[in-house]
């Protein structure tokens, strides 16, 4: 079973497009958990116990574990193992935004899909097709390419108007000095081409840019999108759900981290958000 | 003492612009070391013992440690501690190509400069200024921004002709639909602006693109560059050294990994490369 099949089964089973970001910050974790040995892992378990029937995926951002060094990372390992054991039907997305030149990207792919044993990973396209290919070669796994990120700085370079071109490691068909589209759209267009061969591409598009989301949906009518920014980042859930879905009213995951996991009632909050998304899709 | 001061002292002391990439691959490590418990760490120690008076920096690429999970990462920790203890004058660059939206980038910066305790880190600019700022705020540390990478895929997006703009989190002065320069040059121009405030920026430029290196040196006459691609990647050391140095015949580090660390005589090979670089700078 490949990543997309796994995702589609859980979306139907839980009737949910909600992905929860497991991004634990020791400064925000409740006191009673901080006293435990593996407080990050214990915190994650609490969230998973309360939400596993409301989600279509869990997405730990590895930055929040790396910050605590080997101790933090060992608790990510335990968290992944816990989900794989108790909820093997729920896909795990490692939010790592990795990419490097060929041989190092191979090592990152080996880490994500071998060691961490997750179902999908987020990757950064700046280094080009050959930096993403080592991930794509794991055909049963999902490769989620950053397209338009949810932060304000996404405008800095992703919005630059660029000359066109499709890049498949087989030469360039660029037309220099002719401007056609913003960089993020050119990347979306490339990802669509890559997906024709590998069939395991997804894209990250921030809910903070609903107009851009609409344009990308036009280019990639059937691709799954991972959409952050409807929670703490105050993205417009309603507008994003309306313009972001595919023709089957699916094809999208909304990631919410902080505004669920630090809510005093995470289950209630997750349920509310799941329903809001379902109402507008 | 900040990163650049530390770097300049060792460049003079060892009369070297050579940075060695500590990128251990268990498939290439000699058999007698594989039998040891911490074979990656033991391999690194061998290289460091043989080369510490020939280098201006060591650059472990974290991908090669992540591939082996917590066991690999614990040997990266030991390697950093070993260098800090026996050769505290040699800067350590964590090649991690990190970046994320604000709060996650803060966690990555905390990881690099807190937990890993390295002197500098490589970062990816695709997410914009606000994704790099959390690293820049560690003013004594070096922040090495990917500009033009050494791989063939660098052409895919980094060479796109773009509309201009300088981005400092304070609004855009972009002129849409006017094309001026390739994306990597626009990023270089932005990094020069960021450096005016933070004074701790460096850039990565592959030796595989000597003409681009020359253009970037024009824009950033005084900045330090990290230049990979003269070893296994067959970049042109001679041309890169000639066009890449600043007016003091310095301002550049040449990274070499595989072609030194897997050579049967790493010290001899490192010494040769150090001398070739010095001859042409």
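Protein chains in written order, with our numbering: chain G, 555 to 835; chain C, 555 to 835.
Beta carbons are placed, not taken as given, at the ideal position from N, Cα and C, and that holds for glycine.
Reference residue i; option with closest CA among the options
{"i": "residue 678 of chain G", "options": "G:643, G:629, G:738 and G:565", "result": "G:738"}
{"i": "residue 698 of chain C", "options": "C:674, C:766 and C:637", "result": "C:674"}
{"i": "residue 657 of chain G", "options": "G:704, G:688, G:746 and G:765", "result": "G:688"}
{"i": "residue 790 of chain G", "options": "G:809, G:645, G:805 and G:616", "result": "G:809"}
{"i": "residue 711 of chain C", "options": "C:624, C:646, C:735 and C:768", "result": "C:735"}
{"i": "residue 783 of chain C", "options": "C:714, C:604 and C:814", "result": "C:814"}
{"i": "residue 842 of chain G", "options": "G:598, G:611, G:682 and G:637", "result": "This structure leaves residue 842 of chain G out entirely; chain G is present only between 555 and 835."}
{"i": "residue 821 of chain G", "options": "G:804, G:690, G:606 and G:700", "result": "G:606"}
{"i": "residue 632 of chain G", "options": "G:683, G:650, G:717 and G:672", "result": "G:672"}
{"i": "residue 748 of chain C", "options": "C:767, C:703 and C:685", "result": "C:685"}
{"i": "residue 752 of chain C", "options": "C:682, C:707 and C:691", "result": "C:691"}
{"i": "residue 610 of chain G", "options": "G:767, G:665 and G:781", "result": "G:781"}
{"i": "residue 797 of chain C", "options": "C:630, C:681, C:818 and C:775", "result": "C:775"}
{"i": "residue 680 of chain G", "options": "G:643, G:612, G:744 and G:829", "result": "G:744"}
{"i": "residue 659 of chain C", "options": "G:651, G:659 and G:640", "result": "G:651"}
Residue i, DSSP secondary structure in three states
{"i": "residue 809 of chain C", "result": "strand"}
{"i": "residue 761 of chain C", "result": "coil"}
{"i": "residue 702 of chain G", "result": "strand"}
{"i": "residue 587 of chain C", "result": "helix"}
{"i": "residue 687 of chain C", "result": "helix"}
{"i": "residue 724 of chain G", "result": "Residue confidence is low: residue 724 of chain G scores 42 on pLDDT, short of 50, so the model does not pin down where it sits. Its coordinate-derived value is still stated next. Correct three-state label for residue 724 of chain G: coil."}
{"i": "residue 558 of chain G", "result": "helix"}
{"i": "residue 604 of chain C", "result": "helix"}
{"i": "residue 662 of chain C", "result": "helix"}
{"i": "residue 778 of chain C", "result": "coil"}
{"i": "residue 739 of chain C", "result": "helix"}
{"i": "residue 731 of chain C", "result": "Residue placement at residue 731 of chain C is poorly supported in this model, since its pLDDT is 47, which falls under 50; the coordinates still yield a value, given next. Correct three-state label for residue 731 of chain C: coil."}
{"i": "residue 696 of chain C", "result": "strand"}
{"i": "residue 624 of chain C", "result": "helix"}
{"i": "residue 634 of chain G", "result": "helix"}
{"i": "residue 816 of chain G", "result": "coil"}
{"i": "residue 716 of chain G", "result": "strand"}
{"i": "residue 592 of chain C", "result": "coil"}
{"i": "residue 569 of chain C", "result": "coil"}
{"i": "residue 644 of chain G", "result": "coil"}
{"i": "residue 831 of chain C", "result": "helix"}
{"i": "residue 767 of chain C", "result": "helix"}
{"i": "residue 825 of chain C", "result": "helix"}
{"i": "residue 581 of chain G", "result": "coil"}
{"i": "residue 671 of chain C", "result": "coil"}
Bridge-paired residues (DSSP) for residue i
{"i": "residue 575 of chain C", "result": "C:613"}
{"i": "residue 649 of chain C", "result": "C:615"}
{"i": "residue 676 of chain G", "result": "G:698"}
{"i": "residue 756 of chain C", "result": "C:698"}
Interface residues of chain G facing residue i [CB-CB closer than 9 Å]
{"i": "residue 690 of chain C", "result": "Neighbours of residue 690 of chain C on chain G: none; closest Cβ ~13 Å, over 9 Å."}
{"i": "residue 712 of chain C", "result": "680, 681 and 682"}
{"i": "residue 656 of chain C", "result": "705, 706 and 707"}
Under 7 Å by beta carbon: chain G residues contacting residue i
{"i": "residue 706 of chain C", "result": "684"}
Cβ distance (whole Å) where residue i is taken to contact residue j below 8 Å
{"i": "residue 827 of chain G", "j": "residue 572 of chain G", "result": "6 Å"}
{"i": "residue 557 of chain G", "j": "residue 754 of chain G", "result": "6 Å"}
{"i": "residue 799 of chain G", "j": "residue 833 of chain G", "result": "Their Cβ separation, rounded to whole angstroms, is 12 Å, which puts residue 799 of chain G and residue 833 of chain G out of contact at 8 Å."}
{"i": "residue 574 of chain C", "j": "residue 824 of chain C", "result": "7 Å"}
{"i": "residue 644 of chain C", "j": "residue 564 of chain C", "result": "6 Å"}
Chain G contact residues for residue i, given Cβ-Cβ distances below 8 Å
{"i": "residue 620 of chain C", "result": "661, 662, 665 and 669"}
{"i": "residue 653 of chain C", "result": "651 and 678"}
{"i": "residue 737 of chain C", "result": "711, 714, 716 and 737"}
Residues that residue i contacts on chain C, provided the C-beta gap is smaller than 9 Å
{"i": "residue 623 of chain G", "result": "627, 631, 665, 668, 669 and 670"}
{"i": "residue 794 of chain G", "result": "Result: empty, since nearest Cβ-Cβ is about 16 Å, beyond 9 Å."}
Chain-ordered neighbours of residue i on chain C, where CB pairs are closer than 7 Å
{"i": "residue 824 of chain G", "result": "Correct list: empty, because the minimum Cβ distance to chain C is about 20 Å."}
Per-residue contacts from residue i into chain C (C-beta, under 8 Å)
{"i": "residue 741 of chain G", "result": "711"}
{"i": "residue 587 of chain G", "result": "Ordered by position in chain C, no residue passes the 8 Å Cβ test against residue 587 of chain G, which lies about 19 Å from the chain."}
{"i": "residue 765 of chain G", "result": "By Cβ distance, chain C contributes nothing, its closest Cβ being about 15 Å from residue 765 of chain G, past 8 Å."}
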